[in-house]
Amino acid sequence: MNILQVSAEYHPLLKTGGLADVTGALPHALRAHGCDVRVLLPGFPAVLAGLQQAAELLRFNAPWGAELRLWHGSLPGTPAVQAYVLDAPGLLDRPGNPYEDAHKQPYADNHRRFAALAWAAVQLAQGGDSRWTPQLVHGHDWHAGLVPACLVHAGGGQALLPSVFTVHNLAYQGLFDAARFPDLGLPWSFFQMEGLEFWGQVSFMKAGLHYANRLTTVSPTYAREIQSPEHGCGLDGLLRRRQAELSGILNGVDDTIWNPATDSLLPHPFSQDQLLGKARCKAALQTEAGLHTHADAPLFTVVSRLTEQKGLPLVLETVDGLVASGAQLLVLGNGDAHLEAAFRAKAQQHAGRVAVRIGFDEAFSHRVFGGSDVTLVPSRFEPCGLTQLYALKYGSVPLVRRVGGLADSVTDTQPDTLASDTATGIVFDHMDAAELAHALQRALALYRHPTQWQRVQRAGMRQRFSWDEAARQYAALYRELIAP
Ligand code: ADP
Ligand code: GLC
């Protein structure tokens, strides 16, 4: 099956969050399931720079007249992944964050930037590459939301090709003023409630949800949650109507990148049978982060975008108590200025016990998981969450809120789950500082029982969240849609 994957991010070229990890892993994992996956990416500077053996494939005009180019080449990885990259001078070649300017404001022309991506997908669906034609298009998040709509328009009302649309985060919708609609290259008949209109605005997310043949999201629990007003971000009605075509496929972990036994980014390798290396990683991390090198001080860590979604105000509320109990906290993250400042202030207040690194640092994130005892993920909502999966693999016990993919991947430590060796973390229910504080105390109590602690740690390290299983489910979905 020839599958065209469309996304804004792709690990290892460009990553602001878990989306990149997923789109970087899927083409490889799907190969074993009979899929030839090629990727279509926007030509952000890091993507253009990473494209190897690049050759111009075609030129086409954007709906607003500008000339756009599509390059073909390959991306690093073994074996290499074939890629198409949209080159739109003046539109995509901007330094820094792919979506926002230096003042953290979304680019005013984001609708054009990602509409152009959708029309590039249509070029390929129409045979733009004579050597390879996709049989299905799989788009990810709102950046690719317009693809299914454009396929329908280009096919004269019947989609040129079947499409799958995956929601990684319903909270980011790609909403634009209706005045921008003419730039999209679609007729006004698409701008209606039974289309991509959302309370008078253009919604790229809704375009994907309305026009794609199948919808998926990144965990079974989130697939249910988004059908409720609480988590549906105003789109729950549409999602309930499309319930039969919506499913949840849990993300996996790429073992070639996230494996403490082979991870060259760790100062010392380790495994569930040989945890000595982990103790060394912890000591090295404490030194690197400027924390006291106390081997027996439980080290709690956060690796996260610092946004509303991640529930971090609760961590700020509970950190004094945590430190008073003898624990340490290390935060690696970037995002909202007020959260960055608040964590910095906590690090100053508790020097040697709380440390903060503001920024996005892939290599450091590996060392954090490697040295961490507990990974905190107290999210308000979490479509899947990858950091708790990496934590499990790296012997860091995840402490999470029971929501979305966190609920699907971590089993709370209770007498029965401990006895059956199925306990893998600490889970709490409500967005409430007292509840988090209680969960933190449970983690501390467990830590003080080394035998029980190691049972939980090892049970977590044994978990297999494999991309192979997720790929099997995606391939089954593709097969249903591609006529034999
Ligand atoms: P989300 O996609 O909502 O940000 P996920 O848990 O799915 O959440 O994925 C986040 C990804 O980004 C993980 O690979 C995590 O390790 C990484 N990450 C988040 N913040 C940072 C950071 N400041 N530095 C390095 N990696 C980070
Ligand atoms: C989103 C979600 C996160 C998920 C990731 C990859 O960014 O916030 O929960 O793990 O996408 O699917």
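So the sequence shown is residues -16 to 467, counted in the working numbering. By construction, the Cβ of each residue, glycine as well, lies at the ideal position given by its N, Cα and C atoms.
Beta carbon of residue i nearer than 8 Å to that of residue j
i	j	result
Leu(-3)	Ala3	yes
Leu229	Leu198	yes
Ser355	Thr284	yes
Tyr67	Leu40	yes
Leu153	Met188	yes
Thr370	Val393	no
Ile409	Thr400	no
Gly304	Ala420	yes
Gln35	Gly1	no
Ala142	Phe173	no
Ile232	Gln(-12)	no
Arg52	Asp70	yes
Thr474	Gly318	The structure shown does not extend to residue 474, since the chain is modelled only from -16 to 467, so the question has no answer here.
Ala458	Leu144	no
Tyr377	Pro243	yes
Trp115	Gly157	no
Val360	Val383	yes
Backbone CA spacing between residue i and residue j [nearest angstrom]
i	j	result
Arg263	Leu313	17 Å
Tyr461	Thr200	15 Å
Arg21	Tyr373	26 Å
Leu24	His413	38 Å
Leu427	Val298	15 Å
Thr245	Gly368	23 Å
Leu315	Pro296	15 Å
Gly60	Tyr(-7)	12 Å
Ala29	Gly235	25 Å
Asp451	Ala15	8 Å
Glu83	Tyr90	5 Å
His349	Leu268	10 Å
Gly387	Gly48	42 Å
Trp171	Ile465	29 Å
Glu50	Ala346	38 Å
Pro62	Ala45	33 Å
Gly17	Asp237	19 Å
Phe326	Gln118	48 Å
Ala38	His214	44 Å
Thr204	Gln332	38 Å
Glu390	Glu365	Here residue 390 turns out to be Ala, not Glu, going by the sequence shown. Approximately 9 Å between the Cα atoms of the pair.
Arg447	Thr405	13 Å
Ala454	His275	43 Å
Val339	Ala272	8 Å
Gly335	Ala307	13 Å
Opposing strand residues paired with residue i [DSSP bridges]
i	result
Asp395	Gly408
Arg21	Leu(-13)
Arg52	Arg42, Asp70
Leu198	Phe148, Leu229
Pro89	Glu83
Asn317	Arg288
Ile341	Gly316
His121	Gln(-12), Val147
Phe159	Val185
Leu282	Gln311
Tyr(-7)	Leu(-3)
Glu180	Val185
Val105	DSSP lists no partner for Val105.
Start-to-end residues for the alpha helix (DSSP H) that takes in residue i
i	result
Arg14	1 to 14
Phe352	345 to 354
Val306	295 to 307
Val30	28 to 33
Thr370	370 to 376
Thr204	203 to 208
Leu134	129 to 137
Met444	433 to 445
Glu452	450 to 464
His421	416 to 430
Gly60	No alpha helix (DSSP H) contains Gly60, which DSSP labels as neither H nor E.
Gly220	219 to 224
Host beta strand (DSSP E) of residue i (start-end)
i	result
Asp70	64 to 70
Phe253	From DSSP, Phe253 is part of no beta strand (DSSP E); its letter is neither H nor E.
Gly260	No beta strand (DSSP E) contains Gly260, which is instead part of the alpha helix (DSSP H) from 259 to 272.
Arg384	380 to 384
Thr358	357 to 360
With distances taken from each beta carbon to the nearest heavy atom of the ligand GLC, which residues come in below 7 Å, in chain order? Qualifying residues come out as Gly0, Gly1, Leu2, Asp4, Val5, His151, Asn152, Val201, Asn234, Gln292, Glu365, Pro366, Cys367, Gly368, Leu369, Gly387, Gly388.
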